[in-house]
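J.: Counting along the sequence shown from 1, when you hit position 19 you're at 47 in our numbering, and nothing is skipped either side. From the three backbone atoms N, C-alpha and C, an ideal C-beta is built for every residue, glycine too. A quick note: this is a predicted structure, and the numbers were derived from the prediction, not measured. Below you'll find the structure I mean.
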Amino acid sequence: MAGSSMEILLMEECDDMPDLVDMLPDGGKLPSLIDQNTEGITPKDPEEFVSVNRKRKRGKEGKDGEDVEMEEGEKGGKKKEKGGKPESERGEKRKVPVPPHRYAPLKEKWVQIFTPCVKQLGLQIRIQYEARNVELRLPRGETDTTKLQKGADFVKAIVLGFEVDDALALVRLDHLFLESFEVADVKFSLKGEHVGRAIGRIAGKDGRTKLLIENVTKTRVVVADTKIHLLGSYQNIRVARHAICSLILGSPPSKVYGNLRNLANRTMERM
């Protein structure tokens, strides 16, 4: 009796998640990229001497009484970056690392990535080619880091392999999260070909098992080698993770399908 009440409560919470929809209007005019004037500027040598203007104070003579007035912009009190602005005047930033195998897809979808970050979140975004990461920064004077975290999660979701349309839900909704785990975290004893079989059980024939889990739990699942990434609300991710772990541990697919179908039927009855 307690188990049934827990399932009913779980289903009511799972039903709160709306569908993942695209936020970009078709045919909308794309805004221009934020000008990032950082390339081509070499850092200054800290040991290099700086010419200064010297002014004598009235009533004092000699070198010991000289007052040194440094030129504006050359003061050492504030640390500067390549862009020429002090760090204290720059907004908070996030850096999302990009693996080598995801660099080409990121460049291909770059227009679809920076548009919501700039247009909807008002962030500054750029690709750092040498460091192989994406940097997002708040505008100057902005203190709320909620939008910055949303932008970082949005870029991270695309780097992990989610579609842009699905990752946009992280920008629009507040109760969605990302979760990742490996097959070895569920069953460490899997080695060699058994790992491939476990991954095949998760995907199913023609990807039907993964699609069924996504439709019933209203989540998005990405299987990347031995890593599994989930996108959805907390309760929905919990249900999807339980189904995936059951497949990895060796539960018959028919049993997992039956549990998911019962879950879907109870959801339709509540609606």
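1. Could you check what DSSP says for phenylalanine 205 in three-state terms: helix, strand or coil?
2. For glycine 150, name the three-state secondary structure that DSSP assigns.
3. Rounded to whole angstroms, what's the CA-CA distance from histidine 257 to glutamate 242? Just pull it up for me.
4. Hey, how far is the Cα of arginine 289 from the Cα of leucine 196?
5. Could you pull out every unbroken beta strand (DSSP E) segment of at least 3 residues lying fully inside the segment 160 to 241, listed in chain order?
6. I want to know whether the segment 144 to 164 touches the segment 173 to 188 - three or more CB-CB distances under 8 Å.
7. Can you tell which of Arg160, Gly169, Glu191 has its C-alpha closest to the C-alpha of isoleucine 141?
8. How is the beta strand (DSSP E) around proline 125 delimited, first residue to last?
9. Work out the CA separation of aspartate 213 and asparagine 264 for me, nearest whole Å.
10. Output yes or no for whether 8 Å exceeds the beta carbon distance between glycine 176 and glutamate 210.
11. Between proline 125 and asparagine 161, which are expected to be in contact by the criterion C-beta below 8 Å, what is the C-beta distance as a whole number of angstroms?
12. Lysine 238: which of Tyr131, Arg298, Arg269 sits nearest, CA to CA?
13. According to DSSP, which residues form a beta bridge with arginine 248?
14. Taking the C-alpha atoms as reference points, what is the distance between glutamate 163 and tyrosine 157?
15. With DSSP as the reference, identify every bridge partner of glutamine 156, one or two as the case may be.
16. Where do the N-terminal and C-terminal ends of the alpha helix (DSSP H) with proline 133 fall, by residue?
17. By Cβ distance, which residues of its chain are closer than 7 Å to valine 199, with the 5 residues on each side in sequence left out?
18. Within 10 angstroms of its Cβ, does arginine 236 collect 16 or more other Cβ (buried), or is it exposed?
19. My output table needs one value for threonine 254: the three-state DSSP class, helix, strand or coil.
20. Identify the continuous alpha helix (DSSP H) that holds leucine 288 and give its terminal residues.
21. Excluding five sequence neighbours on each side, which residues of the same chain lie with their C-beta closer than 6 Å to the C-beta of tyrosine 131?
22. May I ask you to report which of helix, strand or coil DSSP gives leucine 275?
23. Quick check: the Cα distance between tryptophan 138 and leucine 275, rounded to an integer number of angstroms?
24. Take leucine 259 as the anchor and find which of Asp202, Arg122, Pro128, Asp172 has the nearest alpha-carbon.
T.: According to the structure data:
1. strand
2. coil
3. Spanning the two alpha carbons is a distance of roughly 12 Å.
4. 28 Å
5. 161 to 165, 205 to 210
6. yes
7. Nearest option by C-alpha distance: Glu191.
8. 121 to 125
9. 20 Å
10. Rather than glycine, the amino acid found at residue 176 in this sequence is leucine. No. Outside cutoff.
11. For proline 125 against asparagine 161, the beta-carbon gap comes to about 5 Å, under 8 Å, which counts as contact.
12. Arg269
13. Partner(s): Leu259.
14. Cα to Cα, glutamate 163 sits roughly 11 Å from tyrosine 157.
15. Asn161
16. 131 to 136
17. Met51, Pro144, Gln148, Leu149, Lys178, Phe182
18. It is exposed - the Cβ of arginine 236 has fewer than 16 other Cβ atoms within 10 Å.
19. coil
20. That run of the alpha helix (DSSP H) goes 281 to 298.
21. none
22. Helix at leucine 275.
23. 35 Å
24. Per the Cα distances, Asp202.
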